[in-house]
Amino acid sequence: MTNDEPAPVPAAVTHGGGGAFADFRRRVRRNRSAMIALGVLSVLVLVALFGPLITPADPNAQNLRGVLLDPFSPGHLLGTDQLGRDTLSRLIVGTRVSLLAICLALAVAMVIGVPLGFLTGFVGGRLDAVVMRLNDAAMSFPPLLLAIALVAVLGPSLRNAMLAVGLLLAPRFLRLVRGVVMGLKEETFVEASRSIGTPTWMIIVRHVLPNTLSPLTVAIAVTAGYAMLAEAGLSFLGLGVQPPDASWGSMIREGFLYYGRSPWLGIFPGALIALTVFTFVTLGDGLRDALGREERTESR
């Protein structure tokens with residue numbers, strides 16, 4: 001399929017109104033794996049929200065008399081790092097930083113990609129051709145290398161790192177939304193709305209926008225895992241979260257030099273990153289399966 005061809009629109013999303021998204025939610029609730037992943041994600045969100053209230057110690061408090069303590073040491077369930085800081089407390093506060101990084105990257109990507117996708121998909125013509133050529137050029141660069149270059153220009157910080165990641169993710173949302181909108185605008189219910197003089201903005205709000213929510217939700221879930229890996233990679237390279245703040249990626253970097261003496265300093269945050277990415281991927285697969293079942297049901 002070329003960039004100028006409209007993407008096929010699932011039969012489930014060819015009806016006006018928000019009924020398609022309601023059916024999509026019901027099918028997701030029947031998917032056990034997706035619901036388990038959603039439960040794990042909910043726990044992580046709660047930890048991120050209430051982390052400072054449940055940390056057993058100050059995550060930045062140093063104790064040079066108790067460095068590199070083993071897990072299950074008195075007063076330190078998961079041990080301490082090279083500066084004597086409580087590992088469990090830093091993992092808890094790092095949950096907030098890591099999830100906040102994902103939200104920031106997705107927000108930047110959607111603010112840029114989704115409106116441009118609606119505009120190019122609905123208007124078409126020369127605007128669509130120019131924007132998609134620029135979009136293809138942006139997607140041709142190696143993502144991580146381009147992110148490193150952008151952060152090097154903007155300066156190392158979590159905000160700049162996630163701004164760079166969001167800019168790299170925006171073309172993917174643009175392409176997705178454009179393809180869905182190009183298919184939807186040719187549907188009968190949209191043409192009927194045009195024929196009775198419905199304003200374009202009302203057609204978008206009432207018909208096009210609700211029918212893009214299902215594929216956009218799937219894309220958000222899948223892309224969130226990539227955003228977390230990007231944040232961890234940039235923080236590991238020292239381009240994301242700066243000391244003394246903690247994120248899971250920066251904790252892996254700090255523990256890398258002590259891997260032979262205290263391997264858990266990298267294992268614990270690495271396991272949390274793997275769990276979170278797996279959760280997002282599982283949730284995305286469940287959402288995609290629900291959308292696929294919706295297509296098959298409506299096409300019969």
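Quick note on full-length UniProt numbering: the sequence shown kicks off at 1 and runs consecutively. All C-beta atoms, glycine included, are put in the ideal place defined by N, C-alpha and C.
Where residue i falls, given that 16 or more other Cβ within 10 Å makes a residue buried
i, result
"Y226", "buried"
"V9", "Residue placement at V9 is poorly supported in this model, since its pLDDT is 41, which falls under 50; the coordinates still yield a value, given next. It counts as buried."
"P59", "buried"
"V208", "buried"
"A12", "The predicted position of A12 is uncertain, since its pLDDT is 39 and thus under 50; a value taken from the coordinates is nonetheless stated next. When all chains shown are included, A12 counts as buried."
"R194", "exposed"
"L77", "exposed"
"D4", "At D4 the pLDDT is 45, less than 50, meaning the model places this residue with poor confidence and gives no usable figure here."
"D23", "buried"
"G17", "Only weak support is given to the placement of G17: the predicted model assigns it a pLDDT of 43, under 50, and the value that follows is read from those uncertain coordinates. Exposed, because fewer than 16 other Cβ atoms sit within 10 Å of the Cβ of G17."
"R90", "buried"
"R27", "buried"
"G183", "buried"
"S262", "buried"
Pair within 8 Å by beta-carbon distance, residue i and residue j
i, j, result
"P171", "N135", "yes"
"V114", "L158", "no"
"G121", "V177", "yes"
"P52", "V93", "yes"
"A37", "G270", "no"
"residue 305", "A105", "With the chain represented from 1 up to 300, any question about residue 305 goes unanswered, as that position is not in the structure."
"V181", "G117", "yes"
"F236", "G249", "yes"
"P56", "D81", "no"
"G79", "W264", "yes"
"M110", "F50", "no"
"L234", "A137", "no"
Cβ distance (whole Å) where residue i is taken to contact residue j below 8 Å
i, j, result
"Y259", "L68", "Actually they are not in contact, since the Cβ atoms of Y259 and L68 sit about 12 Å apart, beyond 8 Å."
"L283", "A101", "Their Cβ separation, rounded to whole angstroms, is 18 Å, which puts L283 and A101 out of contact at 8 Å."
"T188", "L44", "Contact flag wrong, Cβ pair sits at about 43 Å."
Residue from the options whose Cα sits closest to the Cα of residue i
i, options, result
"A290", "L275, S250 and T217", "T217"
"E288", "L64, V45, I220 and L234", "First, the residue type needs correcting, since residue 288 is Arg and not Glu in the sequence shown. Per the Cα distances, I220."
"A48", "S247, V277, G255 and L127", "S247"
"F278", "T223, G249, S250 and L265", "T223"
"R25", "I273, G238, R133 and L213", "L213"
"Q242", "M182, N160, R30 and R261", "N160"
"G166", "S42, P143, M202 and G266", "P143"
"G238", "A152, P56, M139 and S89", "A152"
"G179", "M132, A147, P199 and W201", "M132"
"L229", "L169, W201 and E186", "L169"
"L150", "A164, S140, S42 and M139", "A164"
"L41", "I204, Q62 and T95", "T95"
Where the alpha helix (DSSP H) containing residue i begins and where it ends
i, result
"L41", "R32 to I54"
"P215", "L209 to F236"
"S73", "S73 -> no alpha helix (DSSP H), and no H or E assigned at all."
"L68", "Where L68 is concerned, there is no enclosing alpha helix (DSSP H), given that its DSSP letter is neither H nor E."
"A61", "Looking at the DSSP string, A61 is not in any alpha helix (DSSP H), and its letter there is neither H nor E."
"V180", "L158 to L184"
"V93", "T87 to V123"
"E254", "W248 to F256"
"S195", "T188 to S195"
"V151", "P143 to L154"
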